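Q:
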Amino acid sequence: MSSIIEFRNVSRWYGNVVAVNDITMDIGPGVTGLLGPNGAGKSTILHMIAGFLAPSRGTLTLDGTQPWKNPDIYRRLGLVPERDSVYAFLTGAQFVTATAKLHKLPEPSRSAAWAIGLTEMAEAQDRKIATYSKGMRQRIKVAAALVHDPEILLLDEPFNGMDPRQRLHMMDLLSRLGDEGRTILFSSHILEEVERLSGTIQVMVAGRLAASGDFRAIRRLMTSRPHVFHVRTTDDRRLAAALVGRDYTHAVELTGKGLQVRTSDFGAFCEQIAVITRDENIRLTELLPTDESLESVFGYLIAN
Amino acid sequence: MRTEPVSAQTSSPGKRAAGGVIHDLGYQRYHGPRLGRSQIVAALAWHSFRSAFGFGRGAKAKIVPVIAMIAICLPAIVNAFAMSQGNARVVDYDTYTPVLRNLIMTVFVAVQAPELVSRDLRSRVLPLYFSRPIKPSDYPLAKYLGFTAACLVMLEVPLLLLYAGSVANVHGGSAVWAQTRALIPGLLVGLMWAVSLAAISLFLASLSARRGLATGTVAIVFLLTYVLAEILLQVETQSAINTVPGPGPAVGPGAGFSAGPPPVTVAEKVAGLFSPFTLFDGVRMWLGGTDHADNVHKPGAFGAVYAVVLIAVVGLCLFGLAARYRKARLS
Amino acid sequence: MLNLTVAGITVRATLGRRRAFLFAVPAVILIVLTLVLRASHPAAGAAWPDTVLGTFGFSVLLPLTALIIGTGVLGAEIDDGSVVHLLATPVRRADVIITKFAVAVGLTAAFAALPELIAGLLAPHSGKLAVALFAGALVGSVVYSALFVFLSVVTTRAIAFGLLYVAIWEGALSNVVGGVRILSIAHYALGVANAIDPDQNLQAGLGLSTSLILGAVITVGGLYLATRRLETFSLAGDPA
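Okay, structure coming up:
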């Protein structure tokens, strides 16, 4: 039940504006986060996979078939669009059941009930969608996208409008679905979401793929930018003096709460810090890497 | 060992409070002269005027206004051609070509009014506008001014073309003066049209946030009322002719002018009140305009009622438009 | 070919909105008008049925109702984006178009052709005319619906262009310039009506076979092109 989405030199432009610029990547089973600022081309990518946009150049395949002009892919694919538009005059249950019927499922009501249960919308399912909050509307859209048990699930900014509890629940749901072997691809410009949910990220900036893979690994790959550590010891000043002399130290800053060390060589620093403190007879009370977060990765990629 | 808070780097000067810092990123406030309220209204009105013809949007937005403009100018061009062949002027200034003008203006206001009022209600940019120093009623006023100007262009340009075409084909100062004298009332009628059409169509369009629905509403209201009024008029006229045994021959809808005129029934008089176009016509004739075969009857003193109704309708529509924006401001 | 789920949603969507108001009111007005005039002018030789049924019912009610309904069955969904939920399913695009078209024809027939018949039967001495106009209105419903469904797939301004067509092409020009009739759906409908009950007042310019053939061409062509366009339906990318 595993699907591979393959991008090979895919570009998409509208007149003079290039929305997606020469993207080559593979998306496989599990949860992948598509990260990037607004206008980076994330929605364009998702719509291309979903068969609602044709690449201007390059090839995009889902297990070997092209999604463009191919309604059959929807048997295996579910899309949760970003736009907050859904048949407001139907109840939640009617909407999901109708979607199930459109997918020609053998037992539409059963499947609909299953999907609604999965997204915890059973309580509100008999109310008109027009009365739903934004988060509820998102969830009912996810239910409709899941009703036919697709292998691939695409979500465009799925956490928009959700409160923290709903967000946690949705993340939990997506993790479970990813663990089952489905291919889940979601887009976001909110770093905490992507960080928490996916191991693999694809970072897009201005239509280009800036980085892909595990975000911690990406961070480590960027050796040119210094790592920052926060160190607390019994004698910060003496440690600072010792560190300044080493060639892997970029900068040392004495703050009220300890030392902030910038180093370009992650490995060397980690090895040496223990040695130095022992030699200088300083006790190390705290050692924290401060910018392993996606924030700094992201910021760095944007700036560069 | 005592550690002191020493910053190795100096950050840019910013405000400091206990535990928080606001950095000065270098944004500058603007301290120069600012334009006032009237300039804002003027800018909005100009922008509305341009939107009414599709400027500022893609090419597709210009299709309908351009076609409408060409279509409405056609009679003037045809007239110029006919006059160059030696005929008298075939199109009047104050009525122009009634049916064509009604239809074209209906299409124009039905398609363009939603460009001005429905889209902004839907895209929720109003809070941005209203956070500027304008009064709540300024915004719809600006829209109204812009759209009235647009309708004025649609209505007066053909008249001016007609004038130009006629003047080019007549000779002698007195003939030119006659043309000019006939033109002026036509221009005034056009002004009345523009002011009223803009008010009614903007109000109707503002009732719906969907552009398509707004177009449908305006089109249906204008066309339906027009045809209804015309039907009622025709029916009443027909039956009036049929029921009066008169010495003179039945002379059709212009019966009001024959030797033994059958009385213009109340129904006939009132029928014209129910549609904007016939309303315009009634006021026009009350103010001394000429009667034509396919227009409303000369209302006589009843024409005052037409004028009052017209002013009331326009006033109500403007009031409704302002109310709509006052309500929408909060969304 | 007809997809009942799609049909159900479409009917619900079209009848449940404010749009329904727009096309219900003219139908009601037609019938009320007929009743009022019948009460006040019951004379046998009255000429008003021709005007009411012909000018109002046929030349205004039918095209405008068809316009509002026809551009609404698919256009409204495309406009607010909810069509994605329909298209992200393996339903054949041709089935979507045919179903929407069928709903449009049915509703237009119900709200324009049927009131025409009712009004015609209510009006004095116009039974045959009523049936003729009903048949013509049915043909008109079919061809108009195909045209407007096609327009709503190819442009977001379907109702604007449709209005341009109805008011200017059909309303103004076709009465002035003879050749225009060939491309005027109203005249196809009139041609059919005229064939059943020949009536000078209808001013029908086309014969029965011409009307039916041209109407069929436009219907089939419009639906085919609409299907092709729907197959390549694109969603825009990022709004930024």
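Chains as they are written, first to last, in this note's numbering: chain A, -16 to 287; chain B, 12 to 342; chain C, 30 to 269.
Ideal Cβ positions, reconstructed from N, Cα and C, are used throughout, including at glycine.
For clarity, every value in this text was computed on a predicted model and none was experimentally measured.
Is it buried or exposed for B:GLY97, if we count other Cβ within 10 angstroms and need 16 for buried?
A: Taking the first residue of the second sequence as position 1, residue 97 of chain B is located at position 86. So B:GLY97 ends up on the exposed side.
Q: Along chain C, in chain order, which residues have C-beta atoms closer than 8 Å to that of A:THR82?
A: For the purposes of this step, residue 82 of chain A is taken as the residue at position 99 of the first sequence. Those within 8 Å of A:THR82 in chain C are HIS114 and THR118.
Q: In whole angstroms, what separates the C-alpha of C:SER240 from that of C:GLN232?
A: Translated into the one-based positions of the third sequence, residue 240 of chain C becomes position 211. Translated into the one-based positions of the third sequence, residue 232 of chain C becomes position 203. Cα to Cα, the separation comes out at about 14 Å.
Q: Consult DSSP for A:TYR(-3) and reduce its assignment to one of helix, strand or coil.
A: Residue mapping note: residue -3 of chain A aligns to position 14 of the first sequence, counting from 1. A:TYR(-3): strand per DSSP, three-state reduction.
Q: Could you check if C:PRO227 is buried or exposed, using at least 16 other CB atoms within 10 Å of its CB as the buried criterion?
A: Locating residue 227 of chain C in the third sequence gives position 198, counting from the first residue. With fewer than 16 Cβ atoms within 10 Å of its Cβ, C:PRO227 is classed as exposed.
Q: B:PRO272 to B:VAL102, Cα distance in whole Å?
A: In the second sequence, residue 272 of chain B corresponds to position 261, counting from 1. In the second sequence, residue 102 of chain B corresponds to position 91, counting from 1. Only weak support is given to the placement of B:PRO272: the predicted model assigns it a pLDDT of 46, under 50, and the question is left unresolved by the model.
Q: According to DSSP, simplified to helix, strand and coil, what is C:HIS70?
A: For the purposes of this step, residue 70 of chain C is identified with residue 41 of the third sequence, where counting begins at 1. C:HIS70: coil per DSSP, three-state reduction.
Q: Quick check: what's the CA-CA separation for A:GLY161 versus C:VAL89?
A: Locating residue 161 of chain A in the first sequence gives position 178, where the first residue counts as 1. Locating residue 89 of chain C in the third sequence gives position 60, where the first residue counts as 1. Looking at the two C-alpha atoms, the distance is approximately 58 Å.
Q: For the putative contact between A:LEU18 and A:SER171, defined by C-beta atoms under 8 Å, what is the C-beta separation to the nearest angstrom?
A: If you number the first sequence from 1, residue 18 of chain A lands on position 35. If you number the first sequence from 1, residue 171 of chain A lands on position 188. Indeed, because the Cβ distance is near 6 Å, the residues count as touching under 8 Å.
Q: So is A:ASN264 buried or exposed if we call it buried at 16+ other beta carbons inside 10 Å?
A: Indexing the first sequence from 1 puts residue 264 of chain A at position 281. Under this definition A:ASN264 is an exposed residue.
Q: CB-CB under 6 Å to B:ALA225, same chain, minus the five flanking residues each way: which ones, in chain order?
A: Counted from its first residue, the second sequence places residue 225 of chain B at position 214. The residues are PRO125, SER129, ALA216 and SER219.
Q: Beta-carbon within less than 8 Å of C:ILE60's beta-carbon, same chain only, minus the 5 sequence neighbours each way: which residues are those?
A: Position 31 of the third sequence, counted from the start, is the residue given in the question as residue 60 of chain C. Hits under 8 Å: PRO144, ILE147, ALA148 and LEU151.
Q: Which runs of the alpha helix (DSSP H) spanning at least 4 residues fall entirely within the segment 106 to 167 of chain C, listed in chain order?
A: Qualifying alpha helix (DSSP H) stretches, in chain order: 112 to 116, 122 to 137 and 143 to 151.
Q: In terms of residue numbering, what span does the beta strand (DSSP E) encompassing A:GLU106 cover?
A: Indexing the first sequence from 1 puts residue 106 of chain A at position 123. Premise fails: A:GLU106 is in no beta strand (DSSP E) and is neither H nor E.
Q: In chain C, which residues lie with their C-beta within 7 Å of the C-beta of B:SER59?
A: The residue given as residue 59 of chain B occupies position 48 in the second sequence. Within chain C, no residue comes near B:SER59; the closest Cβ sits about 18 Å away, beyond 7 Å.
Q: Where does B:VAL102 fall in DSSP's three states?
A: For the purposes of this step, residue 102 of chain B is identified with residue 91 of the second sequence, where counting begins at 1. DSSP places B:VAL102 in coil when its eight states are reduced to three.
Q: For a cutoff of 9 Å on Cβ pairs, would you count C:PHE190 as touching chain B?
A: Locating residue 190 of chain C in the third sequence gives position 161, where the first residue counts as 1. Interface residue, yes.
Q: So which residues of chain B does C:VAL81 contact, with C-beta pairs closer than 7 Å?
A: Sequence index remark: in the third sequence, residue 81 of chain C carries index 52 (1-based). Result: ILE242.
Q: Rounding to the nearest angstrom, what Cα-Cα distance links B:VAL168 and B:ALA210 in this structure?
A: Here residue 168 of chain B corresponds to residue number 157 of the second sequence, with the count starting at 1. Here residue 210 of chain B corresponds to residue number 199 of the second sequence, with the count starting at 1. Computed Cα separation, rounded: 20 Å.
Q: Give a yes or no on contact between the segment 225 to 244 of chain B and the segment 108 to 123 of chain B, applying the rule of three or more CB pairs nearer than 8 Å.
A: In short, these stretches touch, since the Cβ pair count reaches three.
Q: What does DSSP give as the partner residue(s) for A:GLU(-11) in the beta ladder?
A: Along the first sequence, one-based indexing puts residue -11 of chain A at 6. Bridge partners of A:GLU(-11): A:ASP9 and A:THR44.
Q: Of all Cβ atoms in chain C, is any one closer than 9 Å to the Cβ of A:VAL125?
A: Within the first sequence, the letter at position 142 stands for residue 125 of chain A. By this cut-off, A:VAL125 is not an interface position.
Q: Tell me whether B:PHE66 is buried or exposed, calling it buried when 16 or more other Cβ atoms sit within 10 Å of its Cβ.
A: The residue labelled residue 66 of chain B in the question sits at position 55 within the second sequence. B:PHE66 is exposed by the Cβ-count criterion.
Q: I believe C:ALA222 touches C:VAL132 by the beta-carbon criterion, under 8 Å. Please report the beta-carbon distance rounded to the nearest angstrom.
A: Residue 222 of chain C sits at position 193 when you count from the first residue of the third sequence. Residue 132 of chain C sits at position 103 when you count from the first residue of the third sequence. About 24 Å separates the two Cβ atoms, so there is no contact after all.
Q: How big is the Cα-Cα spacing for C:VAL81 and C:GLY236?
A: To locate residue 81 of chain C, count along the third sequence from 1; it is residue 52. To locate residue 236 of chain C, count along the third sequence from 1; it is residue 207. Roughly 23 Å between the two C-alpha positions.
Q: With DSSP run on the structure shown, which of helix, strand or coil describes B:VAL32?
A: As a position in the second sequence, residue 32 of chain B is number 21, starting the count at 1. Three-state DSSP puts B:VAL32 in a strand.
Q: Determine the DSSP secondary structure at C:THR284, reduced to helix, strand or coil.
A: Since the first residue of chain C shown is 30 and the last is 269, residue 284 of chain C is not available in this structure.
Q: Pull out every residue of the segment 47 to 75 of chain B whose Cβ sits closer than 9 Å to any Cβ of chain C, in chain order.
A: If the cut-off is 9 Å between Cβ atoms, the segment 47 to 75 of chain B has LYS71, ALA72, ILE74 and VAL75 near chain C.
Q: For the segment 134 to 145 of chain C, enumerate the residues whose C-beta is nearer than 7 Å to any C-beta of chain B, in chain order.
A: Under the 7 Å Cβ criterion, the segment 134 to 145 of chain C contributes no residue.
Q: For A:THR232, does the three-state DSSP call read helix, strand or coil?
A: Residue mapping note: residue 232 of chain A aligns to position 249 of the first sequence, counting from 1. Strand, per DSSP.
Q: Which class does A:ALA189 belong to by DSSP, given the choice of helix, strand or coil?
A: Working through the first sequence from its first residue, we reach residue 189 of chain A at position 206. Coil, per DSSP.
Q: Which same chain residues end up closer than 6 Å to A:ARG(-9) when comparing Cβ atoms and leaving out the 5 residues on each side of it in sequence?
A: Start at 1 with the first residue of the first sequence, and residue -9 of chain A comes out as number 8. Same-chain partners within the cutoff: THR7, GLY41 and THR42.
Q: Taking the CB atoms as reference points, tell me whether A:LYS25 and A:PHE72 lie closer together than 9 Å.
A: Taking the first residue of the first sequence as 1, we reach residue 25 of chain A at position 42. Taking the first residue of the first sequence as 1, we reach residue 72 of chain A at position 89. The answer is no: Cβ separation not under 9 Å.
Q: Run through the DSSP bridge pairs and tell me what A:PRO272 is partnered with.
A: By one-based count along the first sequence, residue 272 of chain A stands at place 289. In the DSSP output, where bridge partners are listed per residue, A:PRO272 has A:PHE212.
Q: Would you grab the beta carbon distance between C:LEU66 and B:VAL238 for me? Rounded to a whole angstrom, and I think it's under 8 Å.
A: The residue labelled residue 66 of chain C in the question sits at position 37 within the third sequence. The residue labelled residue 238 of chain B in the question sits at position 227 within the second sequence. 14 Å between Cβ atoms; not a contact.
Q: Indicate the three-state DSSP secondary structure (helix, strand or coil) for B:THR336 in the structure shown.
A: For the purposes of this step, residue 336 of chain B is taken as residue 325 along the second sequence, with counting starting at 1. The amino acid at residue 336 of chain B is misidentified as Thr; the sequence shows Tyr. Residue state, collapsed to three classes: helix.
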